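Asker:
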Amino acid sequence: MTTAEQTWTESTTEVAGLTVRYLQGGSGPAAVVLHHSSGNIGWAPFYEALSQKFTVIVPDLPGYGQSERPVWARDARDIAILVNRFLAQVAPEETTLIGLGFGGFIAAELATMDQERLSSLVLVGAAGVQPEEGELLDQMLIDYPEYISAGFRDEAHYHEIFGEEITKEVRELWEFSREMTARLSWKPYMFNRRLPHLLSEVETSTLVISGSEEKVIPITCARQYTAGLPNATLKIIEGAGHYVAYEEPEELASLIAGHAGI
Numbered sequence: 005m006t007t008a009e010q011t012w013t014e015s016t017t018e019v020a021g022l023t024v025r026y027l028q029g030g031s032g033p034a035a036v037v038l039h040h041s042s043g044n045i046g047w048a049p050f051y052e053a054l055s056q057k058f059t060v061i062v063p064d065l066p067g068y069g070q071s072e073r074p075v076w077a078r079d080a081r082d083i084a085i086l087v088n089r090f091l092a093q094v095a096p097e098e099t100t101l102i103g104l105g106f107g108g109f110i111a112a113e114l115a116t117m118d119q120e121r122l123s124s125l126v127l128v129g130a131a132g133v134q135p136e137e138g139e140l141l142d143q144m145l146i147d148y149p150e151y152i153s154a155g156f157r158d159e160a161h162y163h164e165i166f167g168e169e170i171t172k173e174v175r176e177l178w179e180f181s182r183e184m185t186a187r188l189s190w191k192p193y194m195f196n197r198r199l200p201h202l203l204s205e206v207e208t209s210t211l212v213i214s215g216s217e218e219k220v221i222p223i224t225c226a227r228q229y230t231a232g233l234p235n236a237t238l239k240i241i242e243g244a245g246h247y248v249a250y251e252e253p254e255e256l257a258s259l260i261a262g263h264a265g266i
C-alpha cells in the first residue's frame, strides 16, 4: 500500500540498544503516528495526506514490524518510554503525536510522562481505558482477519484495503504483532487501570476521534478520554469504523491539521 511515486524514506535508529525502523515523508512541523496493534503495512494514503502539512514520521513500534523486540517489555508504558526516547532523537522539537487504536494507548501513556514534548495529541479509536459501557473486542479470542475486518464499517471496505485474499506477508505481520500485543496488554486486555488517574494533569491540547460505527473500542472510551483530559475535544466521524485512517484518510488528516492550527 504505497503511492505510485515514492514520497517517503525508510530509516533506522537505535533506542535503548534496540533498532527501530521508521518511515518519513513530507515537510513542516513534525507529526509522529503510532500504528494499530496490527502493525504498519507501509506508507498509507493517510500518511501521504498528512504529509501535505507535516513532516510525518511513522515508526514500527518496538517489537512490531521491522523494529527489534524488547524482550523485557511487559506493558504499554514500557513501549511509551521507548517511543519517548525515539522522539528525542528524530523529533526533538514539539511534536503532534497521533495514536491509532493501540498506538493511542501508547500515546496517552507517553503524554502522562512527558507532555512538554507534545504540541498536540490526537487519539483515534484509542485503547487504554476500561470502557464504562460495552466491551473491547479481544483479538486473542478470534481469528485475526476476523478481528481486522470488524474494524471496518463493512466487509467491502476491508477487502478494498487488504484484497480478497490476505497475503502471506500481511498475515505474518499480523500474527507477529498479535504475539507482541499479548506480551504487552493481555491481562488486563488493552487498558491500564492507573492511566485514568494520570490524565487530569495532561494539559496538552487533545483531539479525541472515534468512528460512529466503531466495533473494536467502544465509543464510550473516547468519551472517557475526553472527560479525563482537561483540554480535549471529541469528534465522531460519521460512517467510519475503528480504522478511521484507512476509511477516511483525507478527512482525518484535515481534522488533525486544523487542530494543530496549520
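Following my numbering, the numbering of the sequence shown begins with 5 at its first residue and continues without gaps.
In this text, a Cβ means the ideal position worked out from N, Cα and C, and glycines have one as well.
Predicted, not measured: the structure shown is a model, and the values here were computed from it.
In this structure, how does DSSP classify Trp-47 when only helix, strand and coil are distinguished?
Answerer: The residue you call residue 47 lines up with position 43 of the sequence shown. The answer is coil: DSSP assigns Trp-47 none of H, G, I, E or B.
Asker: Examine the Cβ distances between the region 181 to 194 and the region 155 to 168 and report whether three or more of them are shorter than 8 Å.
Answerer: no
Asker: Among Gln-28, Glu-159, Leu-91 and Ser-216, which residue has its Cα nearest to the Cα of Gly-243?
Answerer: Within the sequence shown, numbered from 1, the residue matching residue 243 stands at position 239. Among Gln-28, Glu-159, Leu-91 and Ser-216, the Cα nearest to that of Gly-243 belongs to Ser-216.
Asker: Using three-state DSSP, classify Thr-185 as helix, strand or coil.
Answerer: For this step, residue 185 is matched to residue 181 along the sequence shown. If DSSP states are grouped into helix, strand and coil, Thr-185 belongs with the helices.
Asker: Under 8 Å: do the region 226 to 239 and the region 142 to 158 share three or more Cβ pairs, one atom per stretch?
Answerer: no
Asker: Kindly give me the distance between the Cβ atoms of Thr-17 and Gln-93, rounded to whole angstroms, as I take these residues to be in contact under 8 Å.
Answerer: Here residue 17 refers to the residue found at position 13 of the sequence shown. Here residue 93 refers to the residue found at position 89 of the sequence shown. Contact flag correct, Cβ pair sits at about 5 Å.
Asker: Please identify the residue among Tyr-229, Ala-95 and Cys-225 whose C-alpha is closest to the C-alpha of Leu-202.
Answerer: As a first step, residue 202 is located in the sequence shown; it is residue number 198 there, counting from the start. For Leu-202, the nearest C-alpha among the options comes from Tyr-229.
Asker: In the region 208 to 259, which residue ranges form an unbroken beta strand (DSSP E) of at least 3 residues, counting only runs that do not cross its ends?
Answerer: 210 to 215 and 236 to 241
Asker: Step through the CB atoms of chain B and report whether any lies within less than 8 Å of the CB of Ala-115.
Answerer: In summary, chain B is missing from the structure at hand, where a single protein chain is found.
Asker: Per DSSP, Leu-101 is paired with what?
Answerer: The count along the sequence shown starts at 1 and reaches residue 101 at position 97. Val-36 and Leu-125.
Asker: From the DSSP output, which residues share a beta bridge with Pro-192?
Answerer: Translated into the one-based positions of the sequence shown, residue 192 becomes position 188. For Pro-192, which the question treats as bridged, DSSP gives no partner whatsoever.
Asker: So, is Pro-96 buried or exposed, given that buried needs 16 or more other C-beta atoms within 10 angstroms?
Answerer: The residue given as residue 96 occupies position 92 in the sequence shown. Classification for Pro-96: exposed.
Asker: Touching or not, the region 244 to 251 and the region 149 to 163, by the rule of three or more beta carbon pairs under 8 Å?
Answerer: yes
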